[in-house]
Structure formats: structure tokens, C-alpha cells
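Colleague:
Structure, rendered in C-alpha cells:
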């Protein structure tokens, strides 16, 4: 599994409420997305940063989404291009589901 952390600078006029509205508006696009296990939207009002934490089945699945077109969409929507960092994710503890998932790869 791969965790991708995506961050981008936010314009000054986007507060927590506006960010939540924007995030909610984009959320349906991620339902059923190939290879995406989970996504969390992020907002830091103090540092003016938005973004997401994504858990993917593979890096290839993530990279299939983070195309130049997707990056341009993020830059247009939020006013700055995203920074994307990838991490190998060998184990996930999910207390809600009471599971521990270990990546076989």
C-alpha cells in the first residue's frame, strides 16, 4: 500500500467553512476510484495549507490520478499547485473496524 500526502497553499479568503464546502464538493469524485482505499481532507488555517492524505493499493494507482491535468485542476481550484509525497505503508491499524491490515507486497 502507498500513502500519499498532498498539500497546497490556500488563498486568504478560504476559511475552515469554505474549505469544508470545497472539499465536500469534490468528495464524490473519489468514491469508487480505482485503487483508492481511503482519503482524508486536510485544512490548516494558521499556515494556509489544504490537502489530503490518501491510502492507495499501489503507487501506480496514485500516479494514475495525480496527472498533470489533475495538478492543474488543484492549482486552479485552490490557487497553488500541489506538493505530493509518497510513503510505503506496510501496516494499517483501523480501530473503527477493529482490524490490522498488513501489505503483502
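In the working numbering, the protein residues as written are -4 to 100. C-beta: ideal position from N, C-alpha, C; glycine also. The structure presented is a predicted model; accordingly, all values stated were derived computationally and were not measured.
1) Could you pull the start and end residues of the beta strand (DSSP E) that residue 12 belongs to?
2) Return the chain-ordered ranges of every alpha helix (DSSP H) run that is complete within the segment 8 to 92 and spans a minimum of 4 residues.
3) Over the uninterrupted beta strand (DSSP E) stretch that includes residue 99, give me the two end residues.
4) Using only the alpha-carbon positions, how far apart do residue 92 and residue 66 sit?
5) So residue 5 packs on residue 73, CB below 8 angstroms; how close in whole Å?
6) Within a Cβ cutoff of 6 angstroms, which residues of the same chain sit near residue 57, ignoring the five residues on either side of it in sequence?
7) Just how far apart, CA to CA, sit residue 20 and residue 36?
8) Classify residue 38: buried if its beta carbon has 16 or more other beta carbons within 10 angstroms, exposed otherwise.
Modeller: Here's the rundown:
1) The residue you call residue 12 lines up with position 17 of the chain shown. Unbroken run through residue 12 is the alpha helix (DSSP H), 11 to 21; no beta strand (DSSP E).
2) Within the segment 8 to 92, the complete alpha helix (DSSP H) segments at least 4 residues long are 11 to 21, 54 to 60, 63 to 73, listed from N- to C-terminus.
3) Sequence index remark: in the chain shown, residue 99 carries index 104 (1-based). Neither: residue 99 is in no beta strand (DSSP E) and is coded neither H nor E.
4) As a position in the chain shown, residue 92 is number 97, starting the count at 1. As a position in the chain shown, residue 66 is number 71, starting the count at 1. Computed Cα separation, rounded: 33 angstroms.
5) The count along the chain shown starts at 1 and reaches residue 5 at position 10. The count along the chain shown starts at 1 and reaches residue 73 at position 78. Contact between residue 5 and residue 73 holds, with the beta-carbon distance rounding to 6 angstroms and staying under 8 angstroms.
6) For the purposes of this step, residue 57 is identified with residue 62 of the chain shown, where counting begins at 1. For residue 57, the CB contacts under 6 angstroms within the same chain, skipping 5 residues up- and downstream, are -3, -1, 51 in chain order.
7) Indexing the chain shown from 1 puts residue 20 at position 25. Indexing the chain shown from 1 puts residue 36 at position 41. Spanning the two alpha carbons is a distance of roughly 12 angstroms.
8) The sequence position of residue 38 within the chain shown is 43, counting from 1. Counting Cβ neighbours within 10 Å, residue 38 comes out buried, since at least 16 surround it.
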